[in-house]
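Scroll down for the structure; my scribbles are underneath it.
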Amino acid sequence: MELKRKKKMTYFTIGLIFLLSGMEYAVILPTIWRYLQTLGAAPYFLGLGLSAFSLSGLLSGPLFGHWSDKTHATKKIILFANLFEIVGNFMYFMGYSKWLLISSRLVAGVGTGAGSSIFGFMGRCTAHEDRSTVFASVMACRQIGLMIGPVLNLFLRLCDFKLGPFVVNKYTAPGLFMCFMWTLLQLVVVFMFWDLPPLEELVGEGAAGAEGAGTVEEGAPGREARWGEPGRE
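Everything in the sequence shown is counted per UniProt numbering, starting at 1 for the first residue and increasing by one.
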């Protein structure tokens, strides 16, 4: 597959990652307080639930960024981080207790740390003149997710059924929905994301190729002259 197509598909996948990141925060926010109330939580648990997600992302971000700088294995990092999103959202869906709910946000927040490695990846693989546009487009995807998230509750609030031992209602449905979406994203990352080579490597290869072509062209007239010498004798 040509590099240009790989690049487009990779950036499209990155856009989806940030879209879901925004959706998750916004789809949970409208119902988490009522959800906690059904589990007998005190008011301060709302603050714990919201800050737990951000705290784990704050702590995991530098770790994922360091991993990315050392290995440049951004795809593996994203797949690993998404596992925390999947598990965390499933824990939120289960919702057996207020402490499980807080723990679920703590686990899911670890997945947001992959954003640091993605930004490093984009910095390595984009030209200086295109970098601002690419970063702005990615952040716009997150903002779109923040707008879409609350709207999804218009449909998720209609859920009222059982899935085995689990109850699916307007409080648990956001967790199940995001668990499903992050699972789908895993497949998208597997098939549509590539660890593109740094831009400096591509520029270096292009310069080396041009230099080699120039050497061949310069040597060609010399060979013609040598072949012509016996004829002149």
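Here a beta-carbon is modelled for each residue, glycine too, at the ideal position from N, C-alpha and C. All figures in this text were calculated on a predicted structure; none of them were measured in a lab.
Query                                                                                                                : Result
Cβ pair Y25, G164 closer than 9 Å                                                                                    : no
Beta-carbon proximity of G115 to S51, cut-off 9 Å                                                                    : no
Three or more C-beta pairs below 8 Å linking the segment 27-40 and the segment 165-182                               : yes
Cβ-based neighbour list, F12, same chain, cut-off 6 Å, excluding 5 preceding and 5 following                         : none
Local conformation of F84 per DSSP, three classes                                                                    : helix
Rounded C-alpha distance that separates A42 from I28                                                                 : 18 Å
DSSP three-state assignment for L163, whether helix, strand or coil                                                  : strand
Closest residue to F135 among F121, M147 and G113 (Cα-Cα distance)                                                   : F121
Among S117, F166, G175 and L156, the one whose alpha carbon lies nearest that of P62                                 : S117
As assigned by DSSP and simplified to three states, the class of T215                                                : Residue placement at T215 cannot be trusted, given a pLDDT of 49 that sits under 50; the coordinates are not used to answer.
Span of the alpha helix (DSSP H), counted from its first residue to its last, around T71                             : Y44 to T71
Any 3 or more C-beta pairs closer than 8 Å across the segment 127-143 and the segment 2-10                           : no
Beta-carbon proximity check, A81 vs S60, cutoff 9 Å                                                                  : yes
Counterpart residues of V190 in DSSP-defined beta bridges                                                            : None; V190 has no bridge partner.
Buried versus exposed call for V151 [16 or more other C-beta atoms within 10 Å across all chains shown]              : exposed
Inter-residue spacing [alpha-carbon to alpha-carbon] between L199 and C159                                           : 48 Å
Within the segment 118-163, ranges of the alpha helix (DSSP H) (whole runs, at least 4 residues)                     : 128-156
Delimiting residues of the alpha helix (DSSP H) encompassing G40                                                     : Where G40 is concerned, there is no enclosing alpha helix (DSSP H), given that its DSSP letter is neither H nor E.
For A108 and E85, the rounded distance between their alpha carbons                                                   : 4 Å
Neighbourhood of K75 by C-beta distance below 6 Å, restricted to the same chain and skipping five residues each side : F193 and D195
Whole-Å CB distance - L101 paired with S56, under 8 Å assumed                                                        : Actually they do not touch by this definition, with Cβ atoms about 14 Å apart.
N- and C-terminal bounds of the alpha helix (DSSP H) containing T10                                                  : L3 to I28
Y92 to F119 span [Cα, whole Å]                                                                                       : 28 Å
Span separating the alpha-carbon of L19 from that of L39                                                             : 30 Å
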